[in-house]
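For the record, in the sequence shown the residue sitting at position 183 is 183 according to the working numbering, with numbers rising by one throughout.
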Amino acid sequence: MEGRPPIMTDLVYTTMDLARVCRVSLRTVIRWVDDGRLPSFRTPGGHRRVREEDLKRFLERYHIPVADTFRPQSRTILVVGPHRAVSDPWMRSLSQGLGRVLRRASDACAVLLAKDFYEAALLLGIHKPDLLILDAGKTGTEAVKFCRAVRNLAETRQIRILLLDPGMPPARRRELQTLSVEAIVPRPCAVEDLRAHLLPLLGFTPPARSTA
Numbered sequence: 001m002e003g004r005p006p007i008m009t010d011l012v013y014t015t016m017d018l019a020r021v022c023r024v025s026l027r028t029v030i031r032w033v034d035d036g037r038l039p040s041f042r043t044p045g046g047h048r049r050v051r052e053e054d055l056k057r058f059l060e061r062y063h064i065p066v067a068d069t070f071r072p073q074s075r076t077i078l079v080v081g082p083h084r085a086v087s088d089p090w091m092r093s094l095s096q097g098l099g100r101v102l103r104r105a106s107d108a109c110a111v112l113l114a115k116d117f118y119e120a121a122l123l124l125g126i127h128k129p130d131l132l133i134l135d136a137g138k139t140g141t142e143a144v145k146f147c148r149a150v151r152n153l154a155e156t157r158q159i160r161i162l163l164l165d166p167g168m169p170p171a172r173r174r175e176l177q178t179l180s181v182e183a184i185v186p187r188p189c190a191v192e193d194l195r196a197h198l199l200p201l202l203g204f205t206p207p208a209r210s211t212a
């Protein structure tokens with residue numbers, strides 16, 4: 001049985017994940033889903049995903065033993081742009097590129113895109129992202145207010161922040177640095193240029209470069 005994608009922050013598993021954790025074939029997992037025994041949803045790309053909460057109920061109901069050491073790395077990034085960021089081709093390209101980079105590290109990752117700081121505040125409360133990527137804007141004024149609010153709340157102050165700088169005044173840049181921003185990167189930039197910052201901030205180890 002397939003439903004709507006979750007809006008909460010529990011872990012999400014792929015069918016391949018479930019085959020490993022339950023020590024069964026991929027075909028068996030797909031049959032569980034198709035038979036309606038294991039609830040699932042589909043990503044925009046059409047891939048099946050299962051929430052941790054539904055998986056736990058399924059395993060308990062059918063008394064299925066699992067691999068004790070298995071737990072996929074789940075990360076959420078919230079990309080916050082200037083007004084109308086959702087319709088900004090560069091911001092859309094950034095969010096899609098981030099998704100590709102993350103899938104190389106872990107399949108249990110999500111990239112969310114907020115069109116402004118107001119929508120970002122709503123998504124913060126719902127999803128509790130691991131990393132914020134903020135376009136600071138030309139002045140950086142709204143970015144300072146937003147970052148200060150994030151750092152002042154106990155529920156969000158641990159969230160890591162990466163700022164994209166399209167040319168802020170130096171004084172505003174220094175002000176943002178006092179708010180414990182983890183990194184400030186010039187904008188525009190390619191997604192691969194963010195990779196060296198992105199993976200460590202999310203707790204992933206970047207793959208070693210070949211020296212051959």
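No residue lacks a Cβ here, since even glycine has one placed at the ideal position from N, Cα and C.
Item to complete: Run the CB neighbour count on Thr-215, radius 10 Å, all protein chains shown included, and call it buried at 16 or more, exposed below.
Response: Nothing in the structure corresponds to residue 215, since the chain is present only between 1 and 212.
Worksheet item: Is the region 145 to 154 close to the region 92 to 99, with three or more CB pairs under 8 Å?
Response: Using a C-beta cut-off of 8 Å, the region 145 to 154 makes no contact with the region 92 to 99, since fewer than three inter-stretch Cβ pairs fall below that distance.
Worksheet entry | Rounded C-alpha distance that separates Asp-54 from His-127 | One-based indexing of the sequence shown puts residue 54 at position 54. One-based indexing of the sequence shown puts residue 127 at position 127. Asp-54 and His-127: Cα-Cα distance of roughly 18 Å.
Worksheet item: Thinking C-alpha only, which one of Leu-202, Arg-157, Gly-36 is nearest Leu-124?
Response: In the sequence shown, residue 124 corresponds to position 124, counting from 1. Of Leu-202, Arg-157, Gly-36, the residue nearest in Cα terms is Arg-157.
Worksheet item: Near His-47, what residues of its chain come up, given a Cβ to Cβ distance below 6 Å and the 5 sequence neighbours on each side ignored?
Response: Translated into the one-based positions of the sequence shown, residue 47 becomes position 47. Within the same chain, His-47 has no close Cβ partners at all.
Discussion item. By the three-class DSSP mapping on this structure, what secondary structure does Ala-114 have?
Written reply: For the purposes of this step, residue 114 is identified with residue 114 of the sequence shown, where counting begins at 1. Secondary structure at Ala-114: strand, using DSSP grouped into helix, strand and coil.
Discussion item. What does the alpha-carbon distance come out to for the pair Leu-131 and Leu-38?
Written reply: The residue given as residue 131 occupies position 131 in the sequence shown. The residue given as residue 38 occupies position 38 in the sequence shown. Going from the Cα of Leu-131 to the Cα of Leu-38 covers about 31 Å.
Practice prompt. Would you please state the rounded distance, in angstroms, between the beta carbons of Val-79 and Ile-133? I believe it to be under 8 Å.
Written response: Locating residue 79 in the sequence shown gives position 79, counting from the first residue. Locating residue 133 in the sequence shown gives position 133, counting from the first residue. That belief holds up - the Cβ atoms of Val-79 and Ile-133 are roughly 5 Å apart, short of 8 Å.
Worksheet item: For Arg-172, which residues from the same chain have a beta carbon less than 6 Å from its beta carbon, with the 5 sequence-adjacent residues on both sides left out?
Response: Along the sequence shown, read from residue 1 onward, the residue named residue 172 stands at position 172. If you ignore the 5 residues before and after Arg-172, its C-beta comes within less than 6 Å of the C-beta of Gly-140, all in its own chain and listed in chain order.
Worksheet entry | Bridge partners - Asp-165, DSSP secondary structure assignment | Counted from its first residue, the sequence shown places residue 165 at position 165. Its beta-bridge partners are Pro-186.
Practice prompt. Give me the Cα-Cα distance between Met-168 and Asp-193, rounded to the nearest whole angstrom.
Written response: Against the sequence shown, residue 168 aligns to sequence position 168. Against the sequence shown, residue 193 aligns to sequence position 193. Their backbone Cα atoms lie some 19 Å apart in a straight line.
Fill in: Where Arg-49 falls: helix, strand or coil (DSSP)
Translated into positions along the sequence shown, residue 49 becomes position 49. Strand.
Worksheet item: Distance, Cα to Cα, Leu-113 vs Ser-40?
Response: Looking up residue 113 in the sequence shown gives position 113. Looking up residue 40 in the sequence shown gives position 40. Each residue's alpha carbon lies about 23 Å from the other.
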